[in-house]
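**Student:**
Numbering (full-length UniProt numbering), first residue to last: 1 to 135.
Right, dumping it as structure tokens:
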């Protein structure tokens, strides 16, 4: 039985939504619903008004014009989102990535490392509720 999970992707590049959607369809043990917004404001609106319980948020590190996770993730936490937030970036080597815990980030991953196996591992690690109940 495939577990159902709901993920919100926040990325200012629509191509990332296409790429991640394709990758997530290849994850066999989860039926993933992926919603997509381009801005932090879109994510805040989604959290406040969608009524859809999210299992995870994947947040691009840099959203235009210049905000990085140190500015964006705390905004998501301030509106009450308590689930896991992962930051995806084309480079996670910058020193400030060592301080992710200070900003409410649960994990970080390089975009080049995202594949169906990595996505499945992340879900197993961070989605703690009983998703096998067919919710």
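From the three backbone atoms N, C-alpha and C, an ideal C-beta is built for every residue, glycine too.
1) In angstroms with no decimal places, state the Cα-to-Cα distance between residue 65 and residue 83.
2) Can you tell me whether residue 51 is buried or exposed, with buried defined as 16 or more other CB within 10 angstroms of its CB?
3) Go ahead and pull the three-state DSSP assignment for residue 54.
4) How is residue 70 classed by DSSP in three states: helix, strand or coil?
5) Taking residue 9 as part of the beta strand (DSSP E), name the residues at either end of that continuous run.
**Tutor:** According to the data block:
1) Position 65 of the chain shown, counted from the first residue, corresponds to residue 65. Position 83 of the chain shown, counted from the first residue, corresponds to residue 83. Cα to Cα, the separation comes out at about 26 Å.
2) As a working mapping, residue 51 is identified with position 51 in the chain shown. Residue 51 comes out exposed.
3) Against the chain shown, residue 54 aligns to sequence position 54. Coil, per DSSP.
4) Start at 1 with the first residue of the chain shown, and residue 70 comes out as number 70. Residue 70 falls in the helix class under three-state DSSP.
5) Working through the chain shown from its first residue, we reach residue 9 at position 9. Residue 9 -> beta strand (DSSP E) spans 3-10.
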